[in-house]
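A short worksheet on the structure shown next.
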Amino acid sequence: MRRPRLFLVTGFITLAAAAFFATRTQASAGEIKLVVPGVWFREGDLENLGHSNNTIIEMKDYLIIVDANFPSGARLAMEAAKRISDKPVKYVFDTHHHGDHAYGNSVWTKAGATTLAYVGVAEEMKRFEPARWQDTAKSRDDVRDLHEAAPEPPAQTFDKSPFTLKDSTREVRFYHFGWAHTRGDAFVYLPKEHVLCTGDAVVNGPYNFTGDANVGNWVKVIRAAQTLTVEHVLPGHGPTGGPEVLEGQVRFINELHKAVEAAIKQGKTLEAVVPSGAKTTTITLPASVKNWTGPGLPGQVRDTWEEITQKKPHGDITK
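Taking mature numbering (1 follows the signal peptide of the UniProt record, and there is no 0), I'd label the letters of the sequence shown as residues -29 to -1, 1 to 290.
Now the structure itself:
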């Protein structure tokens, strides 16, 4: 059985981040950015800590945090929330099941918050855990130091999209548009402010992990998100942007799929395109998607190749 390649994204992210940050200052990592009144974005430190981004949303009497992060990232996001407001964190939303977005769940619930997610997140945790948690604990002190046998699943789930939280301050909608980066992907949308939090279904940089993905359905999911009126895109990794980040992610997935499909039709073999154990690939993508192209490309090519040839989402191939 082939061991899932960098299944929790951390190793892959660190590799990609090292190359990306060689040309980009990481001064923004850890800083709190006001996106619109009452909504803040905190870019996680990928290069050193493997953290995801967090969004802090202020409601009338409480705060919502988007993504639990790793345990150490959860504590940093908690500190950031306290600097912003005296209101308690009531909900923490897991955009998907990966460790850098959900392994901090117990940190939040011990502080009194309720963790929330689309039902697919809990289902993926049941499928992949506790094996991934235990493997991650070997290399991450923050996971190991919790002394827990498995990650804490979201306390509350929904299966009808959108799920809505609303008060006199604002409305927050939680959407599941389908399987893209993971089976349980969900987006957070603020209709009045036109803010969209994407999790890792959309990233802004070379951070796409395809091991648990449905590459063939990914673009369809983003196109569904694009039917919303969006001015501010807050990705799972990388800096904030606008609608161009959504379109860039679409182009990257399309170019990746097209290039792999062409190689298959030309009669090439996977071994020739991505040699076993190699960190390179003969496939190249156009400059128009260079923001999303990095050291993870060989793995993305391999996953997409396996998905096309085996005729099922790569997340159904991953063990």
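Glycine is no exception: its CB is placed at the ideal position from the N, C-alpha and C atoms.
Computed from a predicted model, the values in this text were never measured in an experiment.
Residue from the options whose Cα sits closest to the Cα of residue i
| i | options | result |
| --- | --- | --- |
| W263 | H208, L161, K239 and P177 | P177 |
| T240 | K250, I254 and L227 | I254 |
| G213 | R103, E226, Q197 and F223 | Q197 |
| E2 | N40, A51, G9 and A233 | A51 |
| L227 | E278, R194 and L205 | E278 |
| I28 | V143, R194, K236 and Q237 | V143 |
| P8 | S(-2), I193 and R141 | R141 |
| I224 | K261, A249 and P246 | K261 |
| I35 | D106, L161, P257 and A234 | L161 |
| A73 | P101, E94 and F41 | F41 |
| S247 | G44, V272 and A84 | V272 |
| W150 | R13, T275, G286 and V10 | G286 |
| K137 | Y33, D274, G265 and L256 | Y33 |
| V44 | P59, V63, D156 and K58 | The sequence as given places Gly at residue 44; Val does not occur at that position. Nearest option by C-alpha distance: V63. |
| R222 | T153, K191 and S259 | S259 |
Nearest-angstrom Cβ-Cβ length linking residue i and residue j, presumed shorter than 8 Å
| i | j | result |
| --- | --- | --- |
| Q284 | N185 | For clarity, residue 284 is Pro in the given sequence; the question names Gln instead. That pair is a contact at about 4 Å. |
| H203 | V6 | 5 Å |
| P124 | M96 | 5 Å |
| L167 | T26 | Going by Cβ atoms, the distance from L167 to T26 rounds to 10 Å, so no, they are not a contact pair. |
| D38 | N19 | The pair is not a contact, with the Cβ atoms about 18 Å apart (cut-off 8 Å). |
Beta-bridge pairing of residue i - partner residues as DSSP gives them
| i | result |
| --- | --- |
| V92 | Per DSSP, none; premise fails for V92. |
| E29 | L34 |
| R144 | T135 and Y160 |
| H203 | V166 |
| R13 | I3 and N25 |
| V60 | L34 |
Distance CB(residue i)-CB(residue j) smaller than 7 Å
| i | j | result |
| --- | --- | --- |
| G21 | D65 | no |
| G182 | G207 | no |
| V90 | H68 | no |
| K31 | S139 | yes |
| Y146 | F129 | no |
| N188 | P210 | no |
| V244 | T275 | no |
| A88 | P101 | no |
| T252 | P266 | no |
For residue i, the three-state DSSP class (helix, strand or coil)
| i | result |
| --- | --- |
| D65 | strand |
| F(-9) | Bear in mind that a pLDDT of 44 at F(-9), under 50, signals an unreliable position, so the model cannot answer this. |
| I36 | strand |
| G170 | strand |
| W189 | helix |
| V272 | helix |
| I3 | strand |
| V245 | coil |
| F129 | strand |
| R(-27) | Below a pLDDT of 50, predicted positions are generally treated as unreliable, and R(-27), at 35, falls in that range; no measurement from the model is reported. |
Any non-hydrogen atom of the ligand SAH closer than 6 Å to residue i Cβ
| i | result |
| --- | --- |
| N19 | The ligand SAH is absent from the structure shown, which contains no ligand whatsoever. |
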